[in-house]
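Have a look at the structure below, then the notes.
Number of protein chains: 2
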Amino acid sequence: MVGRKVVIVGSGFGGLAVARGLEGTDAEVTIIDRSNHHLFQPLLYQVATAALNPSDTATATRSLFSSSDNVRVLMDHVIGVDTSRSVVLTDQSGHVAYDFLVIATGADYSFFGHDEWAEHALVLKTMDDALTIRERVLAAFERAELEVDPAERARLLTFVVVGGGPTGVEMAGAIAELGRTTLAGDFRRIDPQEIRIILAEAGSRLLRPFCPQQSAHALKALAALGVEVKLGAVVQQIEDDGLWLGDGRIDASTIIWAAGTKARAAAKWIGAAAASNGGIIVDEHCRVPGHDAVFAIGDAASQTAADGSILPGLAPVAKQQGRHVARMIRAQLSHGRAPRPFRYHNWGMMAVIGRSQAVADFGWLKVNGLVAWLLWSIVHLFLLIDFRSRSSVYLSWSYAWFTHGRIARLLTRGSATAQKPLVTKEASS
Amino acid sequence: MVGRKVVIVGSGFGGLAVARGLEGTDAEVTIIDRSNHHLFQPLLYQVATAALNPSDTATATRSLFSSSDNVRVLMDHVIGVDTSRSVVLTDQSGHVAYDFLVIATGADYSFFGHDEWAEHALVLKTMDDALTIRERVLAAFERAELEVDPAERARLLTFVVVGGGPTGVEMAGAIAELGRTTLAGDFRRIDPQEIRIILAEAGSRLLRPFCPQQSAHALKALAALGVEVKLGAVVQQIEDDGLWLGDGRIDASTIIWAAGTKARAAAKWIGAAAASNGGIIVDEHCRVPGHDAVFAIGDAASQTAADGSILPGLAPVAKQQGRHVARMIRAQLSHGRAPRPFRYHNWGMMAVIGRSQAVADFGWLKVNGLVAWLLWSIVHLFLLIDFRSRSSVYLSWSYAWFTHGRIARLLTRGSATAQKPLVTKEASS
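Read top to bottom, the protein sequences are chains B and Y. Mapping of the first sequence onto this note's numbering: residues 1 to 429, in sequence order. Mapping of the second sequence onto this note's numbering: residues 1001 to 1429, in sequence order.
As structure tokens, this is what we get:
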């Protein structure tokens, strides 16, 4: 069975895990992704808030497989799949044949039926998104420094994050630290008290996956950073220069949407059944029912655990599923025994709030504050995939921690003072 | 004389030197620049070729003056100067009054009357320019990997640098190293021999400011890197997908223009006489004749030395002029004695060709090869203005040197596969 073709769509945590698991086998592995890099998404918010450089949290996918002759990487857009002929249809490479197909296309932000809000709200999924947020926040400060009209100054210095999950909490905390600590001293006319960071959550508490006590800790820690947390605040409308929450209008320069995700539109490629969040419903081996050679993993999939719960959209789930799919394919290549059904090993979860503030829940142990933050730092440091990123990120962090400095405070892309939203248009794949 | 207002337009080497020289004085110093960062231009080509991160070669200007209460920074576009009322006219901050004005607006690329070429050729002046080149080069490789038509593959893998001065030489060398060494191993279908890097120089030798022997060394070193150097090659026409040189047409994906600069259009703000390259003609104190309170320095100025030569457009000239202007202003603030006329101290010049290849000319000593490269590295390391950049750049370099790796190989900005030129439009200021 030499030369069986495995096509992996997506170079996120899931897709990479499959490819890694097939390195050195007889399979001809092709990774297709529309971007040229693997993104370490858990740290992307630090690029958005100027603490890290883009290359600290992303690596050229191609360079990860330099020494694996059986893995090739195509930067291309997938536009569909023809399951009857077992080919992936791409924008530039034409038809790419597969014997096994792995859909690992990840998730995108969902505006809950208000797609028009995407024009005004920023999201944080791609490197482009992160750079756009960084640019918007830094430009808002620069403009506020020049602005004489108090109402417009107040608007420029108001940053709203929608969604009190882990991403929303870390973004709100990081913007508060960037604004009130790092930048405040550099501007002559901006009073740190003028800066408003609002975190709006529709539910009754932050960090829903955590226990109420940890939600309360996060609320307190954010308040200490100067973040106004609004619970039970449902967004009614998002406009260019502000938004309507339950209790009225807030003028804001920057609105960041972190309120919900949906799987990218891969289910329709194969005519598969999708869950309400768009994830392709898969069996206990991450296979798409009716397509034995097609797998879906990570945020692109919706898998029900043995206990009846739906697996969450987390990096560890995607990685473990990816390793499982690689085992499945290896077993078929060698006519070996199929592995046992996939079971997600939950090692715990963490959410970072700010400098030396986090919450961590390992099931048997819950910790908050500095200890949780240190654990978070260590875990994320070791999770970073290549040595180069690891050492550089560590230096950037150490530097930022000791000096409150931000290294990546650059306005580029000629759009520095533009107020127009810079939402990146993304084609499917 | 408390509170005399000094306005500096431009935050390059010259402008910063003036501001540094006035820190802690009674003067109220305002730096106006359209970008928010000071650029360490000598290393910008390394950002363009993915060896360094943007923040390694740029620092938020504001952060450089955090602790200087008498220096403020405005990110704004200057649209003119009203010398009769001593105010600078800006786009957003309105009129900014000055007692002393320093024009340090730098230079832009000149297409020698063919401004339409700017649509097709890339330049390297701003951070945006560098990121655009990086994107274009990396995307060309990605597209070539997918391309089946041999002619189009050849075009995609052809990179032309126009201009054999220091910038052209370092760009050609860096692209050759990026393509043939770093990237070659990561692509499955690209044969390093397919990659063409052409350096076109209209004159009879490279690096004209250096001696012919060093020009010859550069030519040989570039050839060893696989760069085709074409001397006496005059550009006739630049088009979207190639260019016409003296000896015919070359299809190319990437054309980088490094053939000539002109001062930015600041002379007309004050109705001053300009040299042929657009530089404001200044006296021996960098003053604009007829405007005792107006100075011009660096690439924005044209100053004749005591020996009758025009000072070159180099960073050390701008810095030394900036320090001189600061002394002039300090003398006037304190009614002290004016300094002696400005004299440029030429400590030598260097041009880097590639990894461990450079030429250096200190007048009394000329060195080539590894020794010159080590000197170049050390000098540029120490010139970097703040510690953070220094340590990080050093690490990036060490890493790249030992591994041939490139850390910043990211395609972002949603334009990865776009073939359309991404030339940044720049307004004046």
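Beta carbons are placed, not taken as given, at the ideal position from N, Cα and C, and that holds for glycine.
- Scanning the segment 53-80 of chain B from its first residue to its last, the whole alpha helix (DSSP H) runs of 4-plus residues come out as 61-64.
- Here the C-alpha atom of Leu1375/Y lies approximately 42 Å from the C-alpha atom of Leu16/B.
- Proximity to Val1102/Y across Thr1061/Y, His1324/Y, Gly1313/Y and Leu1225/Y peaks at His1324/Y, based on C-alpha coordinates.
- Annotation: Cβ neighbours of Leu146/B in chain Y (cutoff 7 Å, chain order): Leu1074, Asp1076, Gln1092 and Ser1093.
- Taking 9 Å as the cut-off, the Cβ atoms of Ala1154/Y and Ala1351/Y do not count as close.
- At least one CB atom of chain B sits nearer than 9 Å to the CB of Glu1142/Y.
- Taking 4 residues as the minimum length, the alpha helix (DSSP H) runs contained wholly in the segment 1308-1396 of chain Y are 1315-1333 and 1370-1383, in order along the chain.
- Residues of the segment 161-188 of chain B that bring their beta carbon within less than 9 Å of a beta carbon in chain Y comprise Thr182, Leu183, Gly185, Asp186, Phe187 and Arg188, in sequence order.
- Nearest C-alpha to His114/B among Thr261/B, Arg4/B and Leu199/B: Thr261/B.
- The beta-carbon of Pro1054/Y is placed less than 9 Å from the nearest beta-carbon of chain B.
- Under the Cβ distance rule, Phe40/B does not count among the residues neighbouring chain Y, no pair being separated by less than 9 Å.
- Each of Ala107/B, Val169/B and Val229/B was checked against the Cα of Ile353/B, and the nearest Cα belongs to Val169/B.
- Contact annotation: in the segment 15-38 of chain B, residues whose CB is within less than 7 Å of a CB in chain Y are Ser35, Asn36 and His37.
- Taking 8 Å as the upper bound for CB-CB distance, Trp1269/Y and Val1081/Y are in contact here, some 4 Å apart.
- If you draw a straight line from the Cα of Arg1264/Y to the Cα of Asp1240/Y, it comes to about 26 Å.
- In the DSSP assignment, Tyr109/B falls within the unbroken beta strand (DSSP E) covering Ala107 to Tyr109.
- Put simply, the segment 39-50 of chain B touches the segment 122-141 of chain B. At least three CB pairs are less than 8 Å apart.
- With respect to the 9 Å criterion, Leu206/B and Val235/B are not classified as neighbours on the basis of their beta carbons.
- In the three-state scheme derived from DSSP, where H, G and I count as helix and E and B as strand, Ala104/B is classed as coil.
- C-alpha of Phe210/B to C-alpha of Asp361/B: approximately 7 Å in a straight line.
- The CB of Ser66/B comes closer than 9 Å to the CB of Gly1185 and Asp1186 in chain Y, given here in chain order.
- Unbroken beta strand (DSSP E) stretches of 3 residues or longer found wholly inside the segment 211-299 of chain B: 227-231, 237-239, 242-245, 248-251, 254-257, 261-263, 280-282 and 291-296, given in chain order.
- Ala202/B and Ile297/B have their C-alpha atoms spaced approximately 29 Å apart.
- Approximately 19 Å separates the beta-carbon atoms of Ala221/B and Val162/B; this is outside 8 Å, ruling out the contact.
- Sorting Arg355/B, Ile197/B and Phe13/B by C-alpha distance to the C-alpha of Leu370/B places Arg355/B at the top.
- For Ala60/B, a Cβ of chain Y is located within less than 9 Å of the residue's own Cβ.
- Collapsing the DSSP output to three states places Gln1092/Y in coil.
- With a threshold of 9 Å between beta carbons, Ser1253/Y makes no contact with chain B.
- At a beta-carbon threshold of 7 Å, the residues of chain Y lying near Leu138/B are Asn1036, ordered along the chain.
- Within a 10 Å sphere around the beta-carbon of Asp128/B sit 16 or more other beta-carbons, which makes this residue buried.
- In the structure shown, Asp33/B falls within a strand segment according to DSSP collapsed to helix, strand and coil.
- Look at the beta carbons and you see the segment 1106-1120 of chain Y not touching the segment 1135-1144 of chain Y: under three pairs across the two are nearer than 8 Å.
- Any Cβ of chain Y closer than 9 Å to the Cβ of Ser63/B would place that residue at the interface, and such an atom is present.
- Here Ile280/B has Ile103, Ala263, Ala266, Ala267, Ile270, Ala272, Ala273, Ala274, Val288, Ala296, Ala300, Ala301 and Ser302 as same chain residues with Cβ atoms under 8 Å from its own Cβ, once five neighbours each way along the sequence are excluded.
- Boundaries of the beta strand (DSSP E) around Val1161/Y: Thr1158 to Val1162.
- In the structure shown, Glu147/B adopts coil according to DSSP, grouped into three states.
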